[in-house]
Amino acid sequence: MQKRVIVGCVAVSSAAVGVFSCVADGHPLGTNGAVEVVVSVDGPLFATDLLDDHGDPAGPRQTPFESDVLLRITEDDEVGHGAFVQVHVEPPEALTVGPALDTEGEGAVHEDGSGPTCSIYDGAFRCRGNAEGFARFSIRSAADWSGEAKVVVTWANLEADADVLVLPAGLPEDASNFQLIGISDEEVIPPTFQALECSVDALPGDLGTKWPDGRIRSREVFVRATAPVGKPGVLENAPAIVESLDAEGALATDESCADRTTRLRVLLDDKGESQRFFACFSDLGGEVRFGVQSGEKIIDPGPTVLAEPEPRLLRITVLEGQQNIETSTTPEPMFEVSAYDVSLRAVQMDVDLSTEEDDPNVLELFQASLTLAPENADPVIVSVVPASAGTARLVVTPRLLAEPRCVSDTVTVVDVP
Numbered sequence: 327m328q329k330r331v332i333v334g335c336v337a338v339s340s341a342a343v344g345v346f347s348c349v350a351d352g353h354p355l356g357t358n359g360a361v362e363v364v365v366s367v368d369g370p371l372f373a374t375d376l377l378d379d380h381g382d383p384a385g386p387r388q389t390p391f392e393s394d395v396l397l398r399i400t401e402d403d404e405v406g407h408g409a410f411v412q413v414h415v416e417p418p419e420a421l422t423v424g425p426a427l428d429t430e431g432e433g434a435v436h437e438d439g440s441g442p443t444c445s446i447y448d449g450a451f452r453c454r455g456n457a458e459g460f461a462r463f464s465i466r467s468a469a470d471w472s473g474e475a476k477v478v479v480t481w482a483n484l485e486a487d488a489d490v491l492v493l494p495a496g497l498p499e500d501a502s503n504f505q506l507i508g509i510s511d512e513e514v515i516p517p518t519f520q521a522l523e524c525s526v527d528a529l530p531g532d533l534g535t536k537w538p539d540g541r542i543r544s545r546e547v548f549v550r551a552t553a554p555v556g557k558p559g560v561l562e563n564a565p566a567i568v569e570s571l572d573a574e575g576a577l578a579t580d581e582s583c584a585d586r587t588t589r590l591r592v593l594l595d596d597k598g599e600s601q602r603f604f605a606c607f608s609d610l611g612g613e614v615r616f617g618v619q620s621g622e623k624i625i626d627p628g629p630t631v632l633a634e635p636e637p638r639l640l641r642i643t644v645l646e647g648q649q650n651i652e653t654s655t656t657p658e659p660m661f662e663v664s665a666y667d668v669s670l671r672a673v674q675m676d677v678d679l680s681t682e683e684d685d686p687n688v689l690e691l692f693q694a695s696l697t698l699a700p701e702n703a704d705p706v707i708v709s710v711v712p713a714s715a716g717t718a719r720l721v722v723t724p725r726l727l728a729e730p731r732c733v734s735d736t737v738t739v740v741d742v743p
């Protein structure tokens with residue numbers, strides 16, 4: 327349904343208007359005059375959220391962001407041929423005005439083809455009725471301003487106004503199914519163990535960066551929404567802002583996560599889906615929250631992901647005095663096993679145990695797997711039975727994985743004299 331206001335007009339502004347033909351002839355509409363206003367677009371316009379260095383909208387725009395406006399000017403209920411009115415916007419930054427978008431439309435140009443019926447004259451935006459009393463111009467949202475704009479039409483000490491709603495760029499309130507697809511709330515990102523190193527010595531002073539090149543954990547994600555009923559076109563080019571709200575998370579357009587950011591702007595397509603991008607997780611891990619907003623819609627609460635710390639070092643040491651030991655039938659504490667993250671903090675880790683022996687049955691294990699202790703907990707001590715003479719080593723691997731394979735120093739078991 328078209329919006330009609332008798333003795334009124336729609337939101338326009340004289341700001342950022344190009345130079346075109348002036349409306350210089352005619353006569354001012356008197357107190358016996360009236361104006362009917364028809365806005366071509368039924369519903370709100372959309373603001374932009376991205377401006378270039380000159381303050382102009384940048385990139386693809388969400389539609390509609392502009393509309394033609396048709397004026398029908400009358401005097402004593404007769405065609406107001408040559409009568410003119412002035413138009414301004416409150417606030418002035420809300421909208422700009424210009425020549426009609428539909429240059430073939432009714433009232434776009436004077437009957438003699440001399441130029442547009444609406445133009446700038448003496449610093450004001452003026453519209454003059456043609457032979458049928460029509461005038462046409464366009465309004466355009468050209469800023470990041472949003473809200474209710476009031477357009478005021480004045481003539482002969484009379485004025486009328488009309489409201490045009492300008493929505494922020496992005497999804498309108500009646501859009502639905504707004505989601506971040508690819509990660510779910512309370513999802514757990516497991517370690518990959520790709521950067522895990524082995525050590526039988528003292529802890530090093532540095533284990534490198536928490537964002538290792540080529541080994542950053544990531545998940546492919548995208549934003550999705552459903553258009554309001556009867557408004558399928560409002561989704562295309564609607565911007566959405568995705569943010570990582572915690573230091574151990576980031577966003578990137580490439581799976582390597584080499585070029586990371588904490589805030590990413592994406593555009594929806596005509597199906598309501600954004601381009602694919604990536605959620606990135608540091609080796610320190612922890613709880614990572616994501617915020618997602620588009621126009622009047624917010625995913626609240628946003629998804630929260632738990633990234634488990636990535637073990638960087640698996641350290642196996644033979645306890646002091648246990649490198650050489652006599653055979654026995656009782657368990658002997660022999661190895662200390664710990665895992666550390668990139669900050670050299672002890673982390674919990676599930677591991678499998680086995681032995682590598684030069685002779686059979688040198689060491690007997692009581693368990694095939696265990697969980698290494700986190701920070702502020704007693705370290706895990708592995709006890710074995712030195713069952714027969716020979717040499718052996720403890721082998722530790724991540725649970726259910728064959729690699730990486732960490733091996734202790736050699737333990738020598740001798741027979742009791």
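Sequential numbering of the sequence shown, starting at 327, is according to the working numbering. From the three backbone atoms N, C-alpha and C, an ideal C-beta is built for every residue, glycine too.
Please state the DSSP three-state secondary structure of residue i.
i	result
P425	coil
V560	helix
A573	coil
G612	strand
K536	coil
Q649	coil
F519	coil
C524	strand
N503	strand
Q693	coil
Q619	strand
W471	coil
V349	Reliability of the predicted coordinates at V349 is poor, the pLDDT of 46 falling under 50, and the value obtained from them is presented with this limitation in mind. Coil, per DSSP.
F391	coil
D487	strand
L529	coil
S664	strand
A605	strand
CB-CB under 6 Å to residue i, same chain, minus the five flanking residues each way: which ones, in chain order?
i	result
S525	L639 and R641
C348	Only weak support is given to the placement of C348: the predicted model assigns it a pLDDT of 45, under 50, and the question is left unresolved by the model.
E513	V631
Q520	R541
T723	D678 and R731
R602	E546 and F548
Based on Cα-Cα distance, which residue from the options lies nearest to residue i?
i	options	result
T697	A718, N687, P712 and Q674	Q674
T754	T429, D685 and T723	The question about residue 754 has no answer here: the residues shown for the chain are numbered 327 through 743.
S620	T443, Q388, A469 and A633	Q388
D704	P354, E662, P730 and V740	E662
V711	T738, D487 and V733	T738
P637	G455, T535 and T552	T535
D532	L670, P498, S709 and T717	L670
E392	V721, A576, G424 and A409	G424
L561	A426, L594, R543 and D580	L594
S582	F604, D500, S472 and E362	F604
Apart from the five residues just before and just after residue i, which ones in its own chain have a Cβ nearer than 7 Å to its Cβ?
i	result
S615	Note that residue 615 is Arg in the sequence shown here, rather than Ser. These residues qualify, in order along the chain: L571, D572, G628 and T630.
V555	none
E523	R638 and L639
P742	Here the sequence assigns Val to residue 742, which means Pro is not the residue at that position. For V742, where only same-chain residues beyond five positions count, the Cβ hits under 7 Å are E652 and T653.
Keeping to the same chain, check which residues put their C-beta closer than 8 Å to that of residue i; ignore five residues upstream and five downstream.
i	result
V740	N650, I651, E652, T653 and A715
A699	S664, A672, Q674, P705 and V706
With 8 Å as the threshold, decide whether the Cβ of residue i is near any Cβ in chain C.
i	result
D539	Reference to chain C is not applicable here, since this structure consists of a single protein chain.
Taking contact to mean 3 or more Cβ pairs, one atom from each stretch, closer than 8 Å, check whether the region 530–548 and the region 642–658 are in contact.
no
Do three or more CB pairs link the region 459–466 to the region 383–402 at distances below 8 Å?
yes
Could you check whether the region 488–498 touches the region 371–386, counting it as contact only if at least three pairs of C-beta atoms, one from each stretch, sit closer than 8 Å?
yes
Every unbroken beta strand (DSSP E) within the region 395–449, with a cutoff of 3 residues, ordered by chain:
Taking only runs of at least 3 residues, the beta strand (DSSP E) segments lying wholly in the region 395–449 are 409–416, 422–424 and 444–447.
Give a yes or no on contact between the region 376–386 and the region 423–433, applying the rule of three or more CB pairs nearer than 8 Å.
Counting Cβ pairs under 8 Å, fewer than three are found: no touch.
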